[in-house]
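One structure below.
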Amino acid sequence: MIDLSPRFLDGETSQSQKVKLSMTEQSLIIKSDNQTQVLWVYSKIFVKEDWSGSIGGIFGFKDSPDAGLFIHDRKQFDHIQRKLHSRHKATYIVPTQFRYLFLLGLGAIAAGFLLFPLLGHLSSFVTYLIPYKAENKLGDLVLDEISKEFEPCEDKIALESLQKISNRLIPPLKNQKIIPKLSLHESREANAFSLPGGHIAVLSGFLADAKSENEVAAVLAHEMGHMIKRDSLEVFVQSQGMSLIISLISSSGSYGGMAEFVSFMQGMNYSRKKEFAADEFGTQLLIKSGYSPKGLSAFLNRVEEGQKNWAGGATKYLQFLSTHPETKERIDRIEGAHKSGAYRASLSPAEFKRLQRACQG
Amino acid sequence: MDAPLNLPSKFPVTQMHYNGTWGQILKLHLMNLFLNIITIGIYSFWGKTRIRRYMTSHITIGQDRFEYTGTGKELFLGWLKALLIFIPLLICLSIPIINIPAFIAFFGLLSIALYLALRYRLSRTKWRGIRFNLAGSIKEYFMISIKRTFINIVTLGWKIPKSDIIRWSYIANHMSYGDLKFSYEGDDSRLRKIHLMTLSILIGAVLVGLVPLIGSGVMKGIEKIEKSAVQNEQSQLVRGVATIEATSSPEAYDEDGYPKGDEVVADPNTGFEKSIFIGIIAFYALFGLGFIGRLWYQAALWQEQMRGLRLEGLRFKSDVIGKELAWLLITNILLIICTLGIGKPIAAQRTLRYYITKMRIGGDLEGLLAKQDKAHEKSGMGDALAADVGFDMGM
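Protein sequence lines, in the order shown, are assigned to chains A and B. Numbering-wise (this note's numbering), the first sequence opens with residue 7 and increments by one. Numbering-wise (this note's numbering), the second sequence opens with residue 2 and increments by one.
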């Protein structure tokens, strides 16, 4: 049988005393052996531990913070609690009731909507402040990381051909502060990345998938668009900011999984605006260099087809899809701006075939 | 409240209880998550405190609840201070040469994480209004940790039980409840048999798991040598062809601008990737089994840590067993996976509940007379540093 009588601990020793309580308008009188032990005024009493089922609740007193009044009778607890100042009625400010959870959930969604654009603007500003020298160093570090994931490939013939295509695209960029540096990596994925410091990493899977030199030039021009706008650096800054926030959000140690998932999703792609801007830049660069923007739309069309056919080609384009959203709209824009597929090739058919077989030794 | 005895009958035995509910802890975590998002993470320190407070205050001995008196402000300030140490350390870790001492410092921090976290949390925990405390010196504990780690390595793991007992001994002999000191006398010989058995299983599982991985690696090496030989021949051939077709002729391309000719052959790496994937899966599965086996040692260690612990006339006993720990771990992992991480607080609570309900205290608890000791103002920095190196005690 559980003893429901209140117990008092003076905070000086671990010995508790069974007490009787009497309440006046202003104070709570704690009596032991019919003698007044202490007198607590309501304005200084606070809930030390909230009421919880079979284990009761504890009241404390501001002037002697180690002391505690243990109550095991719910009615008695509620009775005292009613007399307290609203700030002292619980250990928390916001109770865990469903209506508050619902309101906070709505608030969190609203905050999320505000946070993303705000972080985007802040990242653009910070990126603008980063000197090119620092970007180059960061680029080298990122390339090292990429090389761990996609093994670098020392196919000199393929690299020469890639460089030949790139050299035709470079002259219109002569006034820019970053010049593209190409690297080739072994992978079955059909993709290419623009990294900080002008590094453009081309995956062999993309070359194997390319149907013409024009397509290779188009994807390089698109990546150069990201390079000129320092998009990868901006995304890096943005992801670092987001990581900090995510680590704070998840530091309660309980929803790390969900937070990491959100962080992963966030870090995966360039914004829609950046993709369109890189397409536009790439289109102009291709026209100036004697290539056709149709190469980009042709490649994107294949990606779009792959998207529809999960059982078949989708896995090949999975990486590309995860880093480049809005495929259909991009195709429409590119094809709307330029119809002709004619271009002047730099590689012979044999050189192009060899490029397609890059890293296949 | 009293449980059946396994101690001499003259001792009254009291079982510890955990009274938290999964619904409440889930609601608390959801609330923290929302508030963290709204405050861009700043609330996390207060949220963490609320969770700790909930969990601690729902542990009872007899009718008496534990109290947690730490505050969010302490954790926040501790985190700011910890950043001053942790950020330069992280930067140093990425700089060659400097990263060697930085790694040692990081490892040192890792080895004292338990001590740092426990020191802060005990100083903020009360029972019957009396504070716990962990005295001792960080430097001493650090030296013990480094020395014992070195011995563990040199003896190929043979001395792990002794090292674990020595580390715990330092902590337990510096713990106090008010003015009463805890004492601990351990016996690592009780752990040797289970340690050797579970360590052998772990090492055996890792070695067996490595076989398919090494096999795949060797295959890859052979393939590479063969490939490079073929590549040399092919590149010379292609150069010859390229010289003949030196300029691009319009006839070589179709009307869409695509070159006429063969499709590109399928990637020969597919088979290798499949075998290495199976190798990795097999390695992790066997490593997982070996790791689960080590839980039997963890259970025995925890039992031993409690068996030798004393506080005045009080004795402690834990009935944690390996089989139940393994079941707890597996079900917790499944719970976390199936709920996409949302169930993590419930898993943490299940673990806490298990350890608490397996604890029994023998001796006259009612007669225990501890006097309040002076407050030891430990900042939240130690707790934050421990969390930075990934040690969060599940709370």
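Using N, Cα and C, we set each Cβ at its ideal position, and we do this for glycine too.
M144/B burial status per 10 Å Cβ neighbour count (16 or more: buried): Stepping through the second sequence from its first residue, residue 144/B is reached at position 143. Counting the other Cβ atoms within 10 Å of the Cβ of M144/B gives fewer than 16, which makes it exposed.
DSSP bridge partner residues for Q41/A (one or two, in chain order): Walking along the first sequence from the start, residue 41/A turns up at place 35. Partner(s): S38/A.
Neighbour flag for Y48/A against chain B, beta carbons, 8 angstroms: Along the first sequence, read from residue 1 onward, the residue named residue 48/A stands at position 42. No, Y48/A does not count as interfacial toward chain B.
Residue span of the beta strand (DSSP E) that contains I338/B, given as start and end: By 1-based counting over the second sequence, the position of residue 338/B is 337. According to the DSSP assignment, I338/B belongs to no beta strand (DSSP E) but to the alpha helix (DSSP H) extending over G323 to C339.
Contact with chain B by A96/A, beta-carbon distance below 8 angstroms: Within the first sequence, numbered from 1, the residue matching residue 96/A stands at position 90. Judged by the 8 angstroms Cβ criterion, A96/A is not in contact with chain B.
E72/A and Q373/B closer than 8 angstroms at C-beta: As a first step, residue 72/A must be located in the first sequence, where it is residue number 66. As a first step, residue 373/B must be located in the second sequence, where it is residue number 372. First, the residue type needs correcting, since residue 72/A is Asp and not Glu in the sequence shown. Their beta carbons are under 8 angstroms apart, which means D72/A touches Q373/B by this criterion.
Range of the contiguous beta strand (DSSP E) that encloses H191/A: Within the first sequence, numbered from 1, the residue matching residue 191/A stands at position 185. Residues K187 to H191.
Contacts of Q21/A in chain B (Cβ-Cβ under 7 angstroms): On the first sequence, position 15 is the one that residue 21/A refers to. Residues of chain B passing the Cβ test: L370.
Chain-ordered chain D contacts of S58/B [CB-CB under 7 angstroms]: Protein chains in the displayed structure are A and B, and chain D is not among them.
Cutoff 8 angstroms: Q373/B Cβ touching any chain A Cβ: Locating residue 373/B in the second sequence gives position 372, where the first residue counts as 1. True, the Cβ-Cβ gap to chain A drops below 8 angstroms.
Chain A residues whose Cβ lies nearer than 9 angstroms to that of G73/B: For the purposes of this step, residue 73/B is taken as the residue at position 72 of the second sequence. Taking the beta carbon of G73/B as reference, no residue of chain A falls within 9 angstroms; the closest one sits roughly 11 angstroms away.
Bridge partners - G63/A, DSSP secondary structure assignment: As a position in the first sequence, residue 63/A is number 57, starting the count at 1. Secondary-structure assignment with DSSP links G63/A through a beta bridge to I77/A.
F199/A - partner residues in DSSP beta bridges: One-based indexing of the first sequence puts residue 199/A at position 193. DSSP lists A207/A as partners of F199/A.
Range of the contiguous beta strand (DSSP E) that encloses F133/B: For the purposes of this step, residue 133/B is taken as residue 132 along the second sequence, with counting starting at 1. Element bounds for F133/B: I131 to L135.
Chain A contact residues for L36/B, given Cβ-Cβ distances below 7 angstroms: Translated into positions along the second sequence, residue 36/B becomes position 35. Going along chain A in sequence order, the residues near L36/B (Cβ under 7 angstroms) are L110.
Members of the region 73 to 106 of chain B near chain A, C-beta cut-off 9 angstroms: Flagged, chain order: W80 and S95.
Rounded straight-line distance, which links the Cα of E195/A to that of T321/A: Taking the first sequence and counting its residues from 1, the one referred to as residue 321/A is at position 315. Taking the first sequence and counting its residues from 1, the one referred to as residue 195/A is at position 189. Confidence at T321/A is low in this model, with a pLDDT of 49, below 50, so the placement of that residue should be treated as unreliable; the coordinate-derived value is given next. For T321/A and E195/A, the distance between alpha carbons rounds to 8 angstroms.
Rounded C-alpha distance that separates N173/A from L190/A: Translated into positions along the first sequence, residue 173/A becomes position 167. Translated into positions along the first sequence, residue 190/A becomes position 184. Between the C-alpha atoms of N173/A and L190/A there is a straight-line separation of about 16 angstroms.
Extent of the continuous beta strand (DSSP E) run through W57/A: In the first sequence, residue 57/A corresponds to position 51, counting from 1. Counting along the chain, the beta strand (DSSP E) containing W57/A begins and ends at I51 to S58.
Selected residue, minimal CA-CA separation from A96/A, among F131/A, H232/A and S58/A: Here residue 96/A refers to the residue found at position 90 of the first sequence. The residue with the shortest Cα to Cα distance from A96/A is S58/A.
Beta carbon proximity, I64/A to chain B, threshold 8 angstroms: The residue you call residue 64/A lines up with position 58 of the first sequence. Closer than 8 angstroms: yes.
N37/B versus Y55/B: straight-line alpha-carbon distance, rounded: If you number the second sequence from 1, residue 37/B lands on position 36. If you number the second sequence from 1, residue 55/B lands on position 54. Straight-line Cα distance between these residues: approximately 18 angstroms.
Paired residues, beta bridge with T126/B - DSSP: Here the question's residue 126/B lines up with position 125 in the second sequence. Answer by DSSP bridge pairing, in chain order: Y69/B.
Beta-carbon proximity list for T57/B, same chain, < 8 angstroms, skipping 5 on both sides: By 1-based counting over the second sequence, the position of residue 57/B is 56. Correct list, in chain order: F67, E68, Y69 and T126.
Inter-stretch contact (C-beta, 8 angstroms, three-pair minimum) for the region 320 to 339 of chain B and the region 362 to 373 of chain B: Verdict: no, contact absent.
Distance, F358/A Cα to C365/A Cα: Looking up residue 365/A in the first sequence gives position 359. Looking up residue 358/A in the first sequence gives position 352. About 14 angstroms.
Cβ neighbour criterion (16 or more within 10 Å) applied to T199/B: To locate residue 199/B, count along the second sequence from 1; it is residue 198. The residue is buried, with at least 16 neighbouring Cβ atoms inside 10 Å.
Rounded separation between I347/B and Y19/B - CA only: Reading the second sequence from its first residue, position 346 is the one you call residue 347/B. Reading the second sequence from its first residue, position 18 is the one you call residue 19/B. Cα-Cα distance, rounded: 13 angstroms.
Contacts of L208/B in chain A (Cβ-Cβ under 8 angstroms): Against the second sequence, residue 208/B aligns to sequence position 207. What L208/B touches in chain A: nothing, since even the nearest Cβ is about 26 angstroms away.
CB contact below 8 angstroms: A73/A versus chain B: Working through the first sequence from its first residue, we reach residue 73/A at position 67. Yes, because at least one Cβ of chain B sits closer than 8 angstroms to the Cβ of A73/A.
F183/B, DSSP secondary structure in three states: The residue you call residue 183/B lines up with position 182 of the second sequence. Strand.
Bridge partners - K372/B, DSSP secondary structure assignment: For the purposes of this step, residue 372/B is taken as the residue at position 371 of the second sequence. K372/B pairs with T19/A.
Option in S210/A, Q246/A and N197/A with minimal Cα separation from R360/A: Working through the first sequence from its first residue, we reach residue 360/A at position 354. Distance check between R360/A and each of S210/A, Q246/A and N197/A places S210/A closest, using alpha-carbon atoms only.
Rounded C-alpha distance that separates F288/B from L336/B: Translated into the one-based positions of the second sequence, residue 288/B becomes position 287. Translated into the one-based positions of the second sequence, residue 336/B becomes position 335. Looking at the two C-alpha atoms, the distance is approximately 21 angstroms.
Candidates F87/B, H196/B and E75/B, of which the one nearest I293/B by Cα: In the second sequence, residue 293/B corresponds to position 292, counting from 1. The candidate whose alpha carbon is nearest that of I293/B is H196/B.
Under 8 angstroms from the C-beta of S130/A: neighbouring residues of chain B: Position 124 of the first sequence, counted from the first residue, corresponds to residue 130/A. Here the premise fails: no neighbours, minimum Cβ distance about 18 angstroms.
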